[in-house]
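Written below as structure tokens is the structure these notes are about.
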Amino acid sequence: MNSVVFAIIAIFTLTFALAAATNPRLMHAALSFAVMFVGVAAFFFLLGAEFVGLVQIFVYVGAVAVLIVFTILLTRRDAEKDRGFNWGGVIVAIAVFAGLVWAILKTQSVSIGPPVIKALTVKQIGEALMTSYVWPLQCVGVLLTAALIGALILVLEDKRE
Amino acid sequence: MADSLDQIFIRAKQWLLSPLVGHAPNWLVQIGSSLLNIIALLGVFLTLFALISVLERKILGRMQNRYGPNRVGPFGLLQPVADGIKMLIKEDIVPVRADKVVHFLAPILIAAAAILALGVIPYGRNMTPFVIDGGILFFFAVGSTNELAVFMAGWGSNNKFSMLGAMRAIAQMISYELPLLITVLPVVMAVGSLNPDKIVFAQKYYYFGFVPHWFVLTPWGATAFILFFVSGLVESNRTPFDVPEGESEIVAGHMTEYSGFKYATFFMAEYLGMFAVSGLAVTLFLGGWRAPLPWLAFIPSYIWFFAKLSILLFVFIWVRGTLPRTRVDQMMNFAWKFMLPMAFTCLISAAVWHYAGRRLSGWLWSFATIAIVYLVLSLFLDTRKKFTPRTYRFAE
């Protein structure tokens with residue numbers, strides 16, 4: 104049962120990922136990308152990681168997809184035409200793929216059995232974030248603050264003259 | 003008697019499902035149960051939508067010293083039927099240069115998101131259509147797809163008014179989503195769960211036997227409730243904040259190029275979103291389906307929920323009838339300079355309340371925290387009596 108669901112979600116996700124990569128119309132590609140994020144969230148639900156799945160939708164569909172769409176809208180006007188073959192992109196893609204394959208092969212095999220649902224409370228998540236993952240959390244916080252200040256400086260630039 | 007009335011809908015559902023139980027496989031029963039929940043949810047809220055669309059016009063008419071709809075049916079109550087038929091038989095126009103697929107998908111996505119968000123709210127004892135542990139998170143995760151849908155509507159129409167309206171809508175939705183989310187966190191902190199049922203359960207008891215444990219009765223809860231309500235007004239694009247569809251400026255914002263039933267879908271999604279935000283406010287701050295006084299608990303739980311919901315909806319309409327529209331810059335300043343700091347203060351104040359023992363002293367400490375921050379903020383944000391020569395950014 105679970106492997107059937109897995110296959111369906113995988114086909115769904117891959118279809119939209121391919122659409123995002125190949126669609127010449129940038130806006131359609133970005134929207135397919137957003138749908139792909141929903142597919143990834145479905146994987147988390149399948150594994151019983153409800154919280155992560157919901158955060159995936161919340162952050163990626165709600166925020167990142169809107170950000171991408173806005174970036175396309177505000178920066179490129181004639182982008183729908185240029186469609187060259189980019190060797191640099193190919194190399195980066197192969198490198199990322201190789202890295203992912205290496206990481207997947209190194210981990211112990213994850214079986215997609217029936218999800219083991221340990222009722223994960225908000226308190227446990229909070230404790231994990233504040234104890235064992237406190238450094239990554241703080242680093243992400245600093246990074247986001249820096250990005251926020253950077254964005255503000257970019258906007259303030261034209262007022263200074 | 004009271005108990006059977008309270009659980010009458012649960013019984014009805016069990017009775018409807020009883021031919022399946024025992025004969026059909028388990029998954030079929032589950033699907034049947036979910037389908038019944040969906041039908042009930044849609045039935046109730048679409049009826050409520052029809053009802054509120056005419057009641058709103060009646061109430062607004064009353065406030066503006068005119069009659070409102072009074073031609074179709076008794077007191078104009080059948081007006082939504084006439085409106086529905088009108089919307090259905092109108093011609094559906096899609097602009098030639100529009101992005102057909104995106105233009106078509108936007109109203110579907112926005113309505114689906116609104117309906118899904120309604121699913122996690124507990125409407126009565128044992129009456130949550132979709133029980134999920136991270137219910138609150140689900141609500142916001144689903145709600146966050148709204149922005150994408152609005153963008154799709156604006157961009158897919160290939161119209162300047164639509165695009166500008168969508169940009170405004172997204173800007174205000176993103177800005178006010180922060181206070182909306184952060185004012186929910188104190189409640190989550192106080193309860194220790196993202197499950198709406200548990201949040202309602204935590205507001206079960208009564209101080210001195212008659213003052214309910216509702217979070218709105220704590221200083222942080224009251225502040226958070228007001229902030230949440232204002233953010234909710236913005237998120238549902240209601241009047242003091244209906245900048246995205248300001249009729250006098252940009253026709254109808256992202257809905258400019260929609261006609262007929264698609265426009266009705268947007269309209270419906272807006273109202274469903276309003277119900278969802280009000281329902282969540284009731285659940286988080288007003289004790290959900292709990293009775294306000296212990297000796298009134300014999301009245302069925304769903305009646306209490308919908309009574310509280312109607313009061314909030316009335317306030318929505320009241321505000322619409324009373325206040326003029328804000329400007330975009332006023333709204334943004336308000337979000338980032340006032341709402342956000344106050345929302346964070348609620349968070350701190352809730353922590354103070356918790357660690358001071360959740361009693362009278364905690365109540366006072368938490369009140370003091372909020373009062374201090376409020377006073378400081380109002381000192382800094384006070385812009386009265388400071389008229390300076392006007393400066394223009396893009397003109398001489």
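As given, the protein sequences belong to chains C and P, one line each in that order.
Going from the first sequence to the working numbering is simple: count from 1 and add 103.
Going from the second sequence to the working numbering is simple: count from 1 and add 2.
All C-beta atoms, glycine included, are put in the ideal place defined by N, C-alpha and C.
Any alpha helix (DSSP H) of 4 or more consecutive residues that is wholly inside the region 258 to 336 of chain P: 262 to 287, 303 to 324, 330 to 335
With respect to 7 Å, is the separation between the Cβ of Leu111(P) and the closest non-hydrogen atom of the ligand ZN below this value? The ligand ZN is not part of this structure, which contains no ligands at all.
Work out the CA separation of Leu134(C) and His105(P) for me, nearest whole Å. 13 Å
Secondary structure at Leu71(P), three-state DSSP: helix, strand or coil? Checking the displayed sequence, the identity of residue 71(P) turns out to be Pro instead of Leu. If DSSP states are grouped into helix, strand and coil, Pro71(P) belongs with coil.
According to DSSP, Tyr208(P) sits in a beta bridge with which residue or residues? Pro214(P)
Whole angstroms are fine: how far does the CA of Pro343(P) sit from the CA of Leu80(P)? 46 Å
Could you spell out where the alpha helix (DSSP H) holding Gly202(C) opens and where it closes? 190 to 209
Determine, for Gly151(C), whether the minimum Cβ-Cβ distance to residues of chain P falls below 8 Å. no
If we call anything under 8 Å between Cβ atoms a contact, is Ser368(P) one with Pro221(P)? yes
Could you check how far apart the C-beta atoms of Leu282(P) and Ile91(P) are, in whole angstroms? I think they sit under 8 Å. The pair is not a contact, with the Cβ atoms about 35 Å apart (cut-off 8 Å).
Please classify Trp297(P) as buried or exposed, where buried requires at least 16 neighbouring CB atoms within 10 angstroms. exposed
Would Phe119(C) pass as an interface residue toward chain P - the criterion being a Cβ-Cβ separation below 8 Å? no
Proximal residues to Ser55(P) (C-beta, below 6 Å), its chain only, five neighbours per side dropped: Pro82
To the nearest angstrom, how far is the alpha carbon of Gly364(P) from that of Tyr357(P)? Those two C-alpha atoms are separated by around 7 Å.
Count Cβ pairs between the region 297 to 312 of chain P and the region 151 to 169 of chain P that sit closer than 8 Å; are there 3 or more? no
For the alpha helix (DSSP H) that Tyr178(P) lies in, which residues bound it at each end? 162 to 193
Contacts of Met290(C) in chain P (Cβ-Cβ under 8 Å): In the structure displayed, chain C extends from 104 to 264; residue 290(C) sits before or after that span and is not available.
If we count the other Cβ atoms within 10 Å of its Cβ and call it buried at 16 or more, is Pro239(C) buried or exposed? exposed
Strictly under 8 Å for the Cβ-Cβ distance: is Glu259(P) near chain D by that measure? Looking at the structure shown, chain D is missing, and the protein chains on hand are C and P.
Check whether the region 195 to 204 of chain C touches the region 155 to 175 of chain C, counting contact only when three or more Cβ pairs, one atom from each stretch, lie closer than 8 Å. no
Best match in Asn128(P), Leu18(P), Asn72(P) for proximity to Asp8(P) [C-alpha to C-alpha]: Asn128(P)
What are the start and end residues of each continuous alpha helix (DSSP H) run of 4 or more residues lying completely inside the region 93 to 138 of chain P, in chain order? Counting only runs of 4 or more, we get 102 to 120.
Sorted by chain position, which residues of the same chain lie with C-beta nearer than 7 Å to Asn160(P)'s C-beta, five sequence neighbours on each side aside? Pro97, Arg99, Ala100, Asp101
Beta-carbon separation of Ile372(P) and Thr258(P) under 8 Å? no
Can you look up His25(P) in the DSSP assignment and give me helix, strand or coil? His25(P) sits in coil when the DSSP states are folded into three classes, being neither helix nor strand.
Which residues mark the beginning and the end of the alpha helix (DSSP H) in which Arg13(P) is found? 10 to 19
Using CA coordinates, which residue listed in Glu153(C), Val243(C), Leu246(C), Thr116(C) is at the minimum distance from Ala137(C)? Thr116(C)
Check each residue of the region 185 to 200 of chain P: if its Cβ is closer than 8 Å to any Cβ of chain C, include it; give the result in chain order. Val190, Gly194, Ser195, Leu196
Same chain, Cβ closer than 7 Å to Arg417(P), neighbours up to 5 away in sequence not counted: A question about residue 417(P) goes unanswered here, because the residues of chain P that appear run from 3 up to 398.
Residues of its chain near Arg64(P), where Cβ-Cβ distance is below 8 Å and the 5 sequence neighbours each way are ignored: Gly70
Apart from the five residues just before and just after Ser280(P), which ones in its own chain have a Cβ nearer than 8 Å to its Cβ? The answer, listed in chain order, is Gly234, Leu311, Leu314, Leu315, Phe318.
May I ask which residues mark the beginning and end of the alpha helix (DSSP H) holding Gly78(P)? It is not in any alpha helix (DSSP H) - Gly78(P) carries neither H nor E in the DSSP assignment.
Tell me which residues share the same chain as Ala132(C) and place their Cβ nearer than 6 Å to its Cβ, disregarding the 5 neighbours each side in the sequence. Ala123, Asn126
To be precise: take each residue of the region 139 to 152 of chain P, compare its Cβ to all Cβ atoms of chain C, and keep it if any distance is under 9 Å. Which residues remain? Leu139, Phe140, Phe142, Ala143, Val144, Gly145, Ser146, Thr147, Asn148, Glu149, Leu150
Candidates Leu121(C), Ala120(C), Val164(C), Val143(C): closest to Val108(C) by CA position: Distances from the alpha-carbon of Val108(C) to those of Leu121(C), Ala120(C), Val164(C), Val143(C) put Val143(C) closest.
Short-range partners of chain P found in the region 143 to 173 of chain C, where Cβ spacing is below 9 Å: Result list: Ala144, Glu153, Phe154, Gly156, Leu157, Val158, Gln159, Ile160, Phe161, Val162, Val164, Gly165, Ala166, Ala168, Val169, Val172, Phe173.
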